[in-house]
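To start, the structure under review is shown below, and the notes come after it.
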Amino acid sequence: MVVNTPNFGIPKRLWKELVIYSQIDNKSVWAELNKNQLNLLSTQLTSSIFKVNGKSTFKEEFVTAGGIDLKEINFKTFESKIHNNLFFAGEILNIDAITGGYNFQNAWTGGYVASKSISGIV
Ligand SMILES: Cc1cc2nc3c(=O)[nH]c(=O)nc-3n(C[C@H](O)[C@H](O)[C@H](O)COP(=O)(O)OP(=O)(O)OC[C@H]3O[C@@H](n4cnc5c(N)ncnc54)[C@H](O)[C@@H]3O)c2cc1C
33 MVVNTPNFGI
43 PKRLWKELVI
53 YSQIDNKSVW
63 AELNKNQLNL
73 LSTQLTSSIF
83 KVNGKSTFKE
93 EFVTAGGIDL
103 KEINFKTFES
113 KIHNNLFFAG
123 EILNIDAITG
133 GYNFQNAWTG
143 GYVASKSISG
153 IV
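Under my numbering, residues 33 to 154 are what the sequence shown spells out, in order.
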């Protein structure tokens, strides 16, 4: 069923909402979708606009889950393994530590190592 098969790594709860907004019944299977439904789903996936109403439950708001795949980073330099001379640090990486300063530590340490690498010290 469409509703149970999220694509592109989209979280299940978000996928379900996008499917509902695309006027796809929650019992529909992929093979039954008509062109209009597929177009609506494509539109939801590519040009949805969301209004932020507030923050989430206390203690859920501390760090963004997801980001650049850690396999793509050389952690000795924080340089991308895919693009030379491109460095990443902090929240943009797929690191979500428990709260208590670990996310700051991640951002600061990564920034420190990346800046040393960029300046040619390492
Ligand atoms: C409410 C809250 C509480 C938190 N509490 C804790 C905690 O107690 N302990 C902990 O360890 N972590 C905590 N965190 C997480 C921590 O704040 C982040 O992990 C950390 O700040 C990430 O640092 P960063 O430099 O990677 O990103 P950010 O701090 O987000 O810095 C990114 C910067 O880039 C700028 N920017 C964005 N787009 C552009 C652009 N196009 N051009 C130029 N500049 C741009 C932004 O304005 C921002 O200044 C908390 C986060 C939140 C939201």
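Just so it is clear, CB atoms sit at the ideal spot from N, CA and C, and this is done for glycine as well.
Best match in SER54, LYS83, TRP140 and ASN126 for proximity to ILE105 [C-alpha to C-alpha]: For the purposes of this step, residue 105 is taken as residue 73 along the sequence shown, with counting starting at 1. Selected option, being the one with the closest Cα: ASN126.
Check for me: the alpha helix (DSSP H) holding ASN135 runs from which residue to which? Within the sequence shown, the letter at position 103 stands for residue 135. Per DSSP, the continuous alpha helix (DSSP H) segment holding ASN135 begins and ends at 134-150.
Any heavy atom of ligand 1 closer than 7 Å to the beta-carbon of TYR134? Here residue 134 refers to the residue found at position 102 of the sequence shown. Yes, the Cβ of TYR134 comes within 7 Å of a heavy atom of ligand 1.
Using the beta-carbon count (16 or more within 10 Å), is PHE82 buried or exposed? Counting from one through the sequence shown, the residue named residue 82 turns up at place 50. A residue is called buried when at least 16 other Cβ atoms come within 10 angstroms of its Cβ; PHE82 does not meet this threshold and is exposed.
Can you check which of these residues, GLY98, VAL61, ASN85 and PHE119, is closest to VAL145 by C-alpha distance? In the sequence shown, the residue the question calls residue 145 occupies position 113. Minimum Cα distance to VAL145 is reached at PHE119.
Let's see if you can read the secondary structure: which residues bound the alpha helix (DSSP H) around TRP62? The sequence position of residue 62 within the sequence shown is 30, counting from 1. Careful: TRP62 lies outside any alpha helix (DSSP H) and carries neither H nor E.
Would you report the Cα separation of GLY99 and GLU111, rounded to the nearest angstrom? Within the sequence shown, the letter at position 67 stands for residue 99. Within the sequence shown, the letter at position 79 stands for residue 111. Those two C-alpha atoms are separated by around 15 Å.
Using the beta-carbon count (16 or more within 10 Å), is VAL34 buried or exposed? Translated into the one-based positions of the sequence shown, residue 34 becomes position 2. The residue is buried, with at least 16 neighbouring Cβ atoms inside 10 Å.
Buried or exposed by the 16-neighbour rule on C-beta atoms within 10 Å, applied to LEU46: Along the sequence shown, one-based indexing puts residue 46 at 14. By the 10 Å Cβ count, LEU46 comes out exposed.
May I ask you to report which of helix, strand or coil DSSP gives ILE127? Within the sequence shown, numbered from 1, the residue matching residue 127 stands at position 95. DSSP, read as helix, strand or coil, puts ILE127 in coil.
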